[in-house]
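Participant: Below you will find the structure I want to go over with you.
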Amino acid sequence: MTLVINTGGQDHRWMGNGYWTEQGARIVAAAAAVEDQQARASMQMTMLSQLIGEGLEGTDPVYASETFEDRLELMVGGRSIEIVQPAPAHTPGDAFVWLPEESVVFVGDIVFTERLLGVLDFSSSACWLEAFEAIAALEPLHVVPGHGDPTTLERARADTYDYLANLRDRMRAHIDAGGDIIGSVEVGPVRLFPSGTVRHAGRAERPAGFHRDGMGVRV
597 MTLVINTGGQ DHRWMGNGYW TEQGARIVAA AAAVEDQQAR ASMQMTMLSQ
647 LIGEGLEGTD PVYASETFED RLELMVGGRS IEIVQPAPAH TPGDAFVWLP
697 EESVVFVGDI VFTERLLGVL DFSSSACWLE AFEAIAALEP LHVVPGHGDP
747 TTLERARADT YDYLANLRDR MRAHIDAGGD IIGSVEVGPV RLFPSGTVRH
797 AGRAERPAGF HRDGMGVRV
């Protein structure tokens, strides 16, 4: 292993860095991802200690040895690789890895399929749509999501982009009608994942407060 790419700030995207550093691997991440990792490392370690106990022994937060802004192009084993951090999404520093010759894109947590999206307090639902659009513009033949099996762009769009757009449209209508954050959990049903309405409706607003211009956009 010579190259490790951290595609985001969630613990499962980077907490193995210490091991790979010991093996001599080059570790790359978007600068925004490293900032997110640093901000949440203590919390993530605490949560992991509660989940796996002694299994966490020997794991320490180790950050990427190389960072980039927006885009990084590499040649690895004669293969062209492009790493792109298009916009905040599930986490502030989510990135995707594009293999243009194979028309394959590894999208990390920008795409979830076969399950609900993780729309969290630090997510940006509006910018997440922009991040997906950057992937769609590549017209990849194969999409490898962060959660779910390898799939097509069409399935990725249905399970991620369409869900987010639906959620935001319904929340906007709720706000325009004078609704508040308490009533937001009753918004729905969402066509794609009806059970996700209660879980996500309020979170579409939290990052910037409960008002029309916020809609989950961190500024």
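Count along the sequence shown from 1, add 596, and you get the number used in my numbering. Note that the Cβ used here is the ideal one computed from N, Cα and C, for glycine as well.
Compute the distance between the beta-carbons of A626 and G689, then report whether it is under 7 Å.
Facilitator: Against a cut-off of 7 Å, the Cβ pair of G689 and A626 comes out as a contact.
Participant: Exposed or buried, what is D705 when buried is set at 16 or more other beta-carbons lying within 10 Å of its beta-carbon?
Facilitator: Answer is buried; the Cβ neighbour count reaches 16.
Participant: Please report how far the alpha carbon of D776 lies from the alpha carbon of A769, in whole angstroms.
Facilitator: Each residue's alpha carbon lies about 11 Å from the other.
Participant: According to the neighbour-count rule (16 or more other Cβ atoms, all chains shown, within 10 Å of its Cβ), is D755 buried or exposed?
Facilitator: Label assigned to D755: buried.
Participant: Who are the Cβ neighbours of L668 in its own chain at under 6 Å, not counting the five residues just before and after it?
Facilitator: Counting only Cβ-Cβ distances below 6 Å, and skipping sequence neighbours, we find I679.
Participant: Report the CB separation of L737 from V700 in whole angstroms; it is logged as a contact under 8 Å.
Facilitator: With a Cβ gap of about 7 Å, L737 and V700 count as contacting.
Participant: Once the 5 residues before and after P746 are set aside, which same chain residues still bring their CB inside 8 Å of it?
Facilitator: The answer, listed in chain order, is H738, V739 and V740.
Participant: Out of I771, L713, T655 and D717, point me to the one whose CA is closest to A752's CA.
Facilitator: It is L713 whose Cα lies nearest to the Cα of A752.
Participant: Could you check if H686 is buried or exposed, using at least 16 other CB atoms within 10 Å of its CB as the buried criterion?
Facilitator: Buried: at least 16 other Cβ atoms inside 10 Å.
Participant: Would DSSP call L695 helix, strand or coil?
Facilitator: Strand, per DSSP.
Participant: Pick out the complete beta strand (DSSP E) segments inside the region 697 to 765, 3 residues or longer, and give them in chain order.
Facilitator: List check, beta strand (DSSP E) in window: 700 to 708 and 738 to 743.
Participant: Work out the CA separation of E726 and Y757 for me, nearest whole Å.
Facilitator: Distance between the alpha carbons of Y757 and E726 is about 9 Å.
Participant: Just to confirm my understanding: we take F806, look at its own chain, exclude 5 residues before and 5 after, and list those with CB closer than 6 Å. What are they?
Facilitator: Its pLDDT being 34, under 50, F806 is placed unreliably in this model, and the coordinates cannot settle the point.
Participant: If you scan the region 622 to 650 from start to end, which runs of the alpha helix (DSSP H) of 4 or more residues do you find wholly inside it?
Facilitator: Complete alpha helix (DSSP H) runs here, min 4: 627 to 648.
Participant: Rank G744, P682 and R636 by C-alpha distance to the C-alpha of A732 and give the top, closest one.
Facilitator: Closest option to A732, Cα to Cα, is P682.
Participant: Sort E782, R711, Q640 and W694 by Cα distance to R675 and report the nearest one.
Facilitator: With distances taken between Cα atoms, R675 lies closest to W694.
Participant: Among the candidates S638, E631 and D656, whose CA atom is the shortest distance from the CA of F664?
Facilitator: For the residues S638, E631 and D656, the minimum Cα distance to F664 belongs to E631.
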